[in-house]
Amino acid sequence: MDEIDELNLIVAEIDGRNVLDWDVTLNIKNLGVLIFYGNGAELGDFGQFAESLKKEKLKTYPKENIIIVSMQNKNLFFDYLSKFNKFQIEELHVFSHAAGGGLYLGYHNQESATSRTIAYNQSVRRGTKITYEEVIEAEVGALFTDDYLTKKALKVKSNKTLFSPTATIKFWGCNSGVSNWVYSDTPPTYYWSALNEKNTPKPSIAQATADFFQRETFGATSGSHIEFLVNGKW
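Each step along the sequence shown adds one to the number in the numbering used here, with nothing skipped, and position 211 is 215.
Here it is as structure tokens:
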């Protein structure tokens, strides 16, 4: 824990996890690591970070039990996890741009920009402010804390063997462990602020993920957060 604290990480504590639901007869051969990476944009190829982490995890897991997936769409995020059956996830890592209330998997990609522009322009044409629900739907590249409250997230719940009892989740992204995130715009634009209309104060995306999956989740409590392995230490 000392090393984790020095890396400016927090563990999102889990409320109400019932150990009686755990399958404690797991075989280590059935455990593995799933690594998602989003669009790095100006910070470069996050896939390289994923590959670097894979090399480190090969010391513990067989190569067939370490899977790397490019993930830039939250709908695909939920769909992929709902169907995942290669192994039980012992570690889930996500390399992505982030803010306190969300992971920006599709940061600056064309799909996200197009969807956002269409939704905003529709609100301008009808002469009303864009709604909370419309922003949640339009932001296909952003996994918000609010997304865990939607129907598309519920299908993941049906995958009862997705995580091992001791699984952990780690978000490699700025401010992913910061709670009470408040969204803002530059007037007269009204878009991101619509997310403040409901479910406030917002938990951190790390905390919301911990509560949803009932697994410990690590998130950064500050901005730029990059770790390097030097002489066996992160």
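For every residue, glycine included, the Cβ atom is placed at its ideal position computed from N, Cα and C. Computed from a prediction, not measured in an experiment: that's the story for all the values here.
Under 8 Å by Cβ, that's how I've got L153 and N203 pegged, so tell me the actual separation to the nearest angstrom.
Taking the sequence shown and counting its residues from 1, the one referred to as residue 153 is at position 149. Taking the sequence shown and counting its residues from 1, the one referred to as residue 203 is at position 199. Indeed, because the Cβ distance is near 7 Å, the residues count as touching under 8 Å.
Kindly indicate the opening and closing residues of the beta strand (DSSP E) around Q92.
Taking the sequence shown and counting its residues from 1, one reaches residue 92 at position 88. Where Q92 is concerned, the enclosing beta strand (DSSP E) stretches over Q92 to F99.
Tell me where the alpha helix (DSSP H) around G110 begins and ends.
For the purposes of this step, residue 110 is identified with residue 106 of the sequence shown, where counting begins at 1. Run containing G110: none; DSSP gives neither H nor E here.
Are the beta-carbon atoms of R219 and A171 separated by less than 9 Å?
Locating residue 219 in the sequence shown gives position 215, counting from the first residue. Locating residue 171 in the sequence shown gives position 167, counting from the first residue. In contact: R219 and A171 (Cβ atoms closer than 9 Å).
Closest residue to F82 among T118, K61 and F40 (Cα-Cα distance):
Your numbering for residue 82 matches position 78 in the sequence shown. Selected option, being the one with the closest Cα: F40.
Among P191, D150, S208 and N77, which residue has its Cα nearest to the Cα of S226?
Your numbering for residue 226 matches position 222 in the sequence shown. If we check each option's Cα against that of S226, S208 comes out closest.
Using three-state DSSP, classify W176 as helix, strand or coil.
Indexing the sequence shown from 1 puts residue 176 at position 172. Here W176 sits in strand by DSSP.
Below 9 Å between beta carbons: does that hold for T121 and F175?
Working through the sequence shown from its first residue, we reach residue 121 at position 117. Working through the sequence shown from its first residue, we reach residue 175 at position 171. Their beta carbons are not under 9 Å apart, which means T121 does not touch F175 by this criterion.
Just to confirm, are S188 and W196 a CB contact at a threshold of 9 Å?
Position 184 of the sequence shown, counted from the start, is the residue given in the question as residue 188. Position 192 of the sequence shown, counted from the start, is the residue given in the question as residue 196. Yes, Cβ-Cβ distance for S188 and W196 is below 9 Å.
Enclosing beta strand (DSSP E) for I71 [first to last residue]:
For the purposes of this step, residue 71 is identified with residue 67 of the sequence shown, where counting begins at 1. It spans I70 to S74 - the beta strand (DSSP E) in which I71 sits, taken as one unbroken run.
For a minimum of 4 consecutive residues, which ranges assigned as the alpha helix (DSSP H) are wholly contained in the region 43-72?
Listed in chain order, they are 50-61.
Assign S168 to one of three DSSP states: helix, strand, or coil.
As a working mapping, residue 168 is identified with position 164 in the sequence shown. In the three-state scheme derived from DSSP, where H, G and I count as helix and E and B as strand, S168 is classed as strand.
Whole-angstrom distance between G106 and N77, CA atom to CA atom
As a first step, residue 77 is located in the sequence shown; it is residue number 73 there, counting from the start. As a first step, residue 106 is located in the sequence shown; it is residue number 102 there, counting from the start. Cα to Cα, the separation comes out at about 13 Å.
F222: first and last residue of the uninterrupted beta strand (DSSP E) it sits in
Taking the first residue of the sequence shown as 1, we reach residue 222 at position 218. Looking at the DSSP string, the run of the beta strand (DSSP E) that includes F222 is E220 to A224.
How about E60 and S168: do their beta carbons lie closer than 9 Å?
Within the sequence shown, the letter at position 56 stands for residue 60. Within the sequence shown, the letter at position 164 stands for residue 168. Taking 9 Å as the Cβ cut-off, E60 and S168 do not qualify as a contacting pair.
Residue of D215, D150, L80 and V128 minimising C-alpha distance to P192:
For this step, residue 192 is matched to residue 188 along the sequence shown. Comparing Cα-Cα distances from P192 to each of D215, D150, L80 and V128, the minimum goes to V128.
With H, G and I counted as helix, E and B as strand and the rest as coil, what does DSSP make of Y195?
Translated into the one-based positions of the sequence shown, residue 195 becomes position 191. Three-state result, Y195: coil.
T260 classed as buried or exposed, judged by whether at least 16 other C-beta atoms fall within 10 angstroms:
Any answer about residue 260 is impossible in this case: the structure gives the chain only from 5 up to 238.
Using a Cβ-Cβ cutoff of less than 8 Å, which residues in the same chain neighbour T132 once the five nearest sequence positions on both sides are dropped?
For the purposes of this step, residue 132 is identified with residue 128 of the sequence shown, where counting begins at 1. Contacts found: none.
Cutting at 7 Å between CB atoms, please list the residues of its own chain near K58, excluding the five before and the five after it.
Along the sequence shown, one-based indexing puts residue 58 at 54. I39, I70 and I72.
Starting from Y41, follow its DSSP beta bridges and name the residues at the other end.
Looking up residue 41 in the sequence shown gives position 37. Paired residues: S74 and F99.
I believe K155 touches N79 by the beta-carbon criterion, under 8 Å. Please report the beta-carbon distance rounded to the nearest angstrom.
Looking up residue 155 in the sequence shown gives position 151. Looking up residue 79 in the sequence shown gives position 75. Incorrect: roughly 11 Å between the Cβ atoms, too far for contact.
According to DSSP, G227 sits in a beta bridge with which residue or residues?
Position 223 of the sequence shown holds residue 227. BP columns for G227 are empty, so no partner.
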